[in-house]
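Structure record follows, encoded as structure tokens.
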Amino acid sequence: MFKKIIKGNKKPSKSDSHDPSSYGYGPPGTQNYGAVANVVVNHASLAGPAASGPNSGGAPGITALPPSGTIEPHPFFRDAPVSERQTLFLRKLQEMIKMVSVNIFRCLPPVSHENTGQENADPEEEEFYLEPSWPHLQLVYELLRRYIVSSDTVTKVAKRYIDHSFVLKLLDLFDSAEDPREREYLKNILHRVYGKFMVHRPFIRKAINNIFYRFIYETERHSGIAELLEILGSIINGFALPMKEEHKLFLVRALIPLHKPKSIAVYHQQLSYCITQFVEKDYKLADTKEVLFLGEIEEVLEATQAAEFQRCMVPLFRHIARCLNSSHFQVAERALFLWNNEHIVGLIAQNRNVTLPIIFEALERNIQSHWNQAVHGLTVNVRKMFLEMDADLFEECQRQLAEREARSREVEEQRELTWKKLADAATQRGEDDMVTA
1 MFKKIIKGNK KPSKSDSHDP SSYGYGPPGT QNYGAVANVV VNHASLAGPA ASGPNSGGAP
61 GITALPPSGT IEPHPFFRDA PVSERQTLFL RKLQEMIKMV SVNIFRCLPP VSHENTGQEN
121 ADPEEEEFYL EPSWPHLQLV YELLRRYIVS SDTVTKVAKR YIDHSFVLKL LDLFDSAEDP
181 REREYLKNIL HRVYGKFMVH RPFIRKAINN IFYRFIYETE RHSGIAELLE ILGSIINGFA
241 LPMKEEHKLF LVRALIPLHK PKSIAVYHQQ LSYCITQFVE KDYKLADTKE VLFLGEIEEV
301 LEATQAAEFQ RCMVPLFRHI ARCLNSSHFQ VAERALFLWN NEHIVGLIAQ NRNVTLPIIF
361 EALERNIQSH WNQAVHGLTV NVRKMFLEMD ADLFEECQRQ LAEREARSRE VEEQRELTWK
421 KLADAATQRG EDDMVTA
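Numbering-wise, the sequence shown is residues 1 to 437 according to our numbering.
Take a look at the structure:
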């Protein structure tokens, strides 16, 4: 690959003579080392060096660029004094990151979905743009990747140069760089940066969130969603338990809405993997595992005596109440099956003064609004069992629930009345201002 770069330029063929890049104005990213590579065009509207004279033999408005200054290479570490090696290393590192930035953060042609007047084509049928200068760019990307993965890289030093600005530019390339080979390198490098630079992790997650939000709610066009989701699949797999609220919000606000765009087929496999990782991480997000959990609870309660049951019944029945109202009918159904176990019913009956008030509202809510008829029928049976068990306690729970609902309605009505007064006052103020004006 290095041999290709250092070879001299071949004489252009006839077909090349009609290529715009041979005249110095080819597509961005192309390399041109022809005879006219060292010229600039001075537009009449711009101030610049005077045009060449009539005897110069050159075209008017074109002047040769001055020869570029020679680049002085840094000395080898073995040739530098020990006291200066740290400073020399930092200079070399700074120059390397500068070189990488100049090469990869470049002007690119508009991505296919931004071309003016283009209809919304199927992303799977779109042709990929292949970067003409990829053999050169690949060397730059490989150098950056090897530096990041190196065991000798000290993150405290490297983070000064691979900073938030650098990471944002990498993320921008996922969309603007359409070449799949380049996006593969970007995916690998960003993943390595996330793994090595712990200080950048929250920032990278937030930046990816923002890309997803813009894709979902504004553009519905992005070239690198699949690659970003692939990175996130590995990140989610490493989330610690219990799951942070930030991560749950990411699932609800970003991953689930990613099912909305029409181009979901392009990244559905990676999205499905991310969702699965979330479900495996947190049982509350996994209805199937919750059914298994309720089965285990029944087995444990069968071996539980009254004294032990009393120590855990309050938190246990709060959880069972949540399961009773689950929209997943198998979870609600499995929770109601607990009342088919005679030993468990005996424990509940002995402690009905505690257990019934906890689950009474959940039972009433199921009867009023649960969508599944089987769950509705099982709830009626459990409710009837409690009524026969202790009619007075049942009526007391009914009365307390009615009082709570009445208070809730009063609070809601008061809130609506307050907002109505504010709206009326604002309307009146606006009318008064109009009259005054």
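Built from N, CA and C at the ideal position, the CB exists for glycine as well. Computed from a predicted model, the values in this text were never measured in an experiment.
- In this structure Asn-341 is in contact with Glu-298, their Cβ atoms being roughly 6 Å apart against a cut-off of 8 Å.
- One Cα belongs to Thr-355, the other to Asn-381, and the distance between them is close to 16 Å.
- Secondary structure of Cys-107 (DSSP, three-state): coil.
- Within the same chain, Ala-335 come within 6 Å of Ile-320 by CB-CB distance, once the 5 residues on both sides are set aside.
- When only Cα atoms are considered, Met-243 and Pro-315 end up about 20 Å apart.
- Inter-residue distance for Val-82 and Arg-145 is about 28 Å (C-alpha atoms, whole angstroms).
- The beta carbon of Arg-85 sits closer than 8 Å to the beta carbons of Phe-77 from its chain, once the five residues preceding and following it are set aside; these are given in chain order.
- Of all C-beta pairs linking the region 379 to 397 to the region 356 to 364, three or more are shorter than 8 Å, placing the two stretches in contact.
- The residues Trp-339, in chain order, have a CB closer than 7 Å to that of Met-385 in the same chain once the five nearest residues on each side in sequence are set aside.
- Taking the CA atoms as reference points, Gln-414 sits about 15 Å from Asp-424.
- Scanning its chain for C-beta atoms nearer than 7 Å, with the 5 sequence neighbours on each side dropped, one finds around His-74 the residues Leu-88, Arg-91 and Lys-92, in chain order.
- Proximity of the region 270 to 284 to the region 299 to 310 falls short of the contact definition, fewer than three beta-carbon pairs being nearer than 8 Å.
- For the pair Val-252 and Arg-192, the CB atoms are not nearer than the 8 Å cut-off.
- The residue from Ser-223, Lys-248, Asp-152 and His-200 with its alpha-carbon nearest to that of Ser-165 is His-200.
- Gln-400 is classed as exposed because its beta carbon has fewer than 16 other beta carbons within 10 Å across all chains shown.
- Assignment of alpha helix (DSSP H) within the region 348 to 391, counting only whole runs of 4 or more residues, yields 352 to 369 and 373 to 389 in chain order.
- Shown here for Asp-282: same chain residues with a beta carbon closer than 8 Å to its own, the five before and five after excluded, namely Leu-241, Pro-242, Met-243 and Lys-248 in chain order.
- For Val-149, the enclosing alpha helix (DSSP H) starts and ends at 134 to 149.
- Of the residues Phe-239, Ala-207, Glu-333 and Ile-189, the one whose Cα lies closest to the Cα of Leu-378 is Glu-333.
- DSSP places Val-157 inside the alpha helix (DSSP H), whose first and last residues are 155 to 158.
- In the DSSP annotation of this structure, the continuous segment of the alpha helix (DSSP H) that includes Ile-225 starts and ends at 225 to 237.
- Taking C-alpha positions only, Val-300 is separated from Gly-346 by approximately 15 Å.
- Taking a C-beta distance under 8 Å as the contact criterion, Cys-323 and Leu-363 do not qualify as a contact pair.
- Approximately 13 Å separates the beta-carbon atoms of Tyr-185 and Tyr-147; this is outside 8 Å, ruling out the contact.
- The beta carbon of Phe-239 sits closer than 7 Å to the beta carbons of His-247 and Lys-281 from its chain, once the five residues preceding and following it are set aside; these are given in chain order.
- Straight through space, the alpha carbons of Phe-105 and Glu-131 are spaced by roughly 13 Å.
- Excluding residues up to 5 positions away in sequence, Ala-332 lie with their Cβ nearer than 6 Å to the Cβ of Ser-326 in the same chain.
- For Tyr-217, no alpha helix (DSSP H) run applies, since DSSP gives it neither H nor E.
- Distance from the CA atom of Leu-229 to the CA atom of Ser-151, rounded to whole angstroms, is 27 Å.
- Across the set Tyr-213, Ser-408 and Thr-304, the C-alpha of Thr-304 shows the shortest separation from the C-alpha of Ile-348.
- Around the beta carbon of Asp-179, a 10 Å sphere encloses 16 or more other beta carbons of the protein chains shown; the residue is thus reported as buried.
- Its Cα nearest to that of Phe-203, the residue Val-167 stands out among Arg-407, Val-167 and Val-102.
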